[in-house]
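Numbering follows numbering that gives the first Met the number 0, with no gaps: position 87 of the sequence shown is 86.
Here is the structure we will look at, set down as structure tokens.
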Amino acid sequence: MKRKKERFEIVAGRDNVIQAGKELYDTIRGRWNKLYFKNENPIVAEFACGRGEYTIGLAKLFPERNFVGVDIKGDRIWKGSTRAVDEKLGNVGFLRTHILMINSFFGPREINEVWLTFPDPRPRKKDIKRRLTSPRYLDMYKGLMKPGGPYG
0 MKRKKERFEI
10 VAGRDNVIQA
20 GKELYDTIRG
30 RWNKLYFKNE
40 NPIVAEFACG
50 RGEYTIGLAK
60 LFPERNFVGV
70 DIKGDRIWKG
80 STRAVDEKLG
90 NVGFLRTHIL
100 MINSFFGPRE
110 INEVWLTFPD
120 PRPRKKDIKR
130 RLTSPRYLDM
140 YKGLMKPGGP
150 YG
């Protein structure tokens, strides 16, 4: 438990993590390129990014794109955030929030691609609506996608 608290404190002080209590948390919607990345490169979002392995890997492969890893677990985000800092990746950011709140952080048509690499499968029938691949979530993602992209 000690380690988790320490990681939460580190994440709270990191510029590459946006979470409750930070100024950008309330102002970033629709302005990721302007306020965070400070460029007009396409934005790729990985929802339920976990430790950010794909977010980091893709950012290294495609430096001409901006990547945002989204997860609710601060301890997981700490890992991706730390790798981004260690590898000096300026095209990566992490957002700590529930996926249900994603419309509060991205404006309509702000994202070029969405990745769902390993979402929680929620195998119980009663959890169908809570799956990140359910129609309600997919419709939400589609509203955030730019037209003409792979899914927009």
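From the three backbone atoms N, C-alpha and C, an ideal C-beta is built for every residue, glycine too.
So, Asn90 versus Asn65, is the Cβ gap smaller than 8 Å?
Yes.
Take the Cβ of Arg2 as the centre, count every other Cβ of all protein chains shown within 10 Å, and call the residue buried at 16 or more, exposed below.
With fewer than 16 Cβ atoms within 10 Å of its Cβ, Arg2 is classed as exposed.
Using 8 Å for Cβ pairs, my map puts Phe46 next to Val69. What's the rounded Cβ distance?
About 5 Å; that satisfies the 8 Å criterion.
Where Asn65 sits in the DSSP three-state scheme:
In the three-state scheme derived from DSSP, where H, G and I count as helix and E and B as strand, Asn65 is classed as strand.
Can you find the residues in the same chain that come closer than 6 Å, C-beta to C-beta, to Arg13, ignoring five residues on each side of it along the sequence?
Cβ within range, chain order: Ser80.
Tell me whether Asn12 sits in a helix, a strand or coil according to DSSP, three-state version.
Looking at the sequence itself, residue 12 is Gly, so the reference to Asn does not match. In the structure shown, Gly12 sits in a helix (DSSP, three-state: H, G or I).
Can you give me the start and stop residues for the beta strand (DSSP E) that Gly92 sits inside?
Looking at the DSSP string, the run of the beta strand (DSSP E) that includes Gly92 is 91 to 95.
Ordered along the chain, which non-local residues of its own chain (more than five positions away) have a Cβ less than 7 Å from that of Thr96?
Closer than 7 Å at the Cβ level, and outside the excluded window around Thr96, lie Val69, Ile71, Phe104.
Can you tell me where the beta strand (DSSP E) holding Trp114 begins and where it ends?
Counting along the chain, the unbroken beta strand (DSSP E) around Trp114 starts and ends at 112 to 114.
Suppose the cutoff is 7 Å on Cβ atoms and the five residues either side in sequence are ignored; what does the same chain contact list for Thr116 look like?
Around Thr116, the same chain offers Glu45, Tyr53 as residues with beta carbons nearer than 7 Å, after the five sequence neighbours per side are excluded.
Please report how far the alpha carbon of Tyr24 lies from the alpha carbon of Gln18, in whole angstroms.
Cα to Cα, the separation comes out at about 6 Å.
Output the distance between the C-alpha atoms of Gly73 and Cys48, rounded to the nearest integer angstrom.
Answer to the nearest angstrom: the Cα atoms are 11 Å apart.
Straight-line Cα distance separating Gly20 from Lys87
Between Lys87 and Gly20, the C-alpha separation is close to 24 Å.
Rounded C-alpha distance that separates Trp114 from Glu8:
Using only the alpha carbons, I get a separation of about 28 Å.
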